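Structure, as structure tokens:
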Amino acid sequence: MSYKWIDEYLLAKKGVEKDFKEEWKWHRYMISGKLFGAILNYKDERPMITLKCEPSFGTMLRENYEEIIEGYYMNKVHWNSVFLDGNVPEDVIKQMIDMSYNLIFDSLTKKVQKSILS
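Under the working numbering, think of the first position of the sequence shown as 174, with each following residue one higher.
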């Protein structure tokens with residue numbers, strides 16, 4: 174399954190900035206400088222996306238999909254990585270992206286949130 178739609182989906186969210194961290198080879202997606210997603214390659218060069226999730230939701234996903242692992246180079250409790258060459262349904266990845274965005278957005282000050290939404 175192709176996941177080329179992911180970049181567009183991430184960038185369509187309000188206030189999202191994208192950059193490329195050369196030394197890590199990561200495409201990073203941020204809100205007000207705070208990371209909420211990254212597209213990168215695993216050590217075996219398999220493409221993956223790393224996203225923040227509620228801990229219980231992340232655990233459930235890892236139990237149900239072998240292509241979802243604890244966050245690669247991230248906090249293992251809050252972050253999860255999805256191999257993009259696997260069979261994780263698009264709606265599951267969208268749900269993970271939405272959750273990650275919302276968790277980071279909600280952590281911003283009300284003033285910053287308001288400026289993003291206006």
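We put the CB at the ideal spot given by N, CA and C, even for glycine.
It should be emphasised that the depicted structure is a prediction, and the values quoted were computed from it without experimental measurement.
Beta-bridge analysis with DSSP links threonine 223 to Ala211 and Ser254. If the five residues before and after arginine 219 are omitted, its C-beta is found closer than 7 angstroms to the C-beta atoms of Phe256 and Asp258, all from its own chain and listed in chain order. A direct Cα-to-Cα measurement between serine 205 and serine 229 gives close to 26 angstroms. In the displayed model, tryptophan 199 falls within a strand according to three-state DSSP. Membership of lysine 283 in any beta strand (DSSP E) is not indicated; the residue belongs instead to the alpha helix (DSSP H) covering 283-290.
Excluding sequence positions up to five before and after tyrosine 176, its CB lies within less than 6 angstroms of the CB of Leu257, all in the same chain and listed in chain order.
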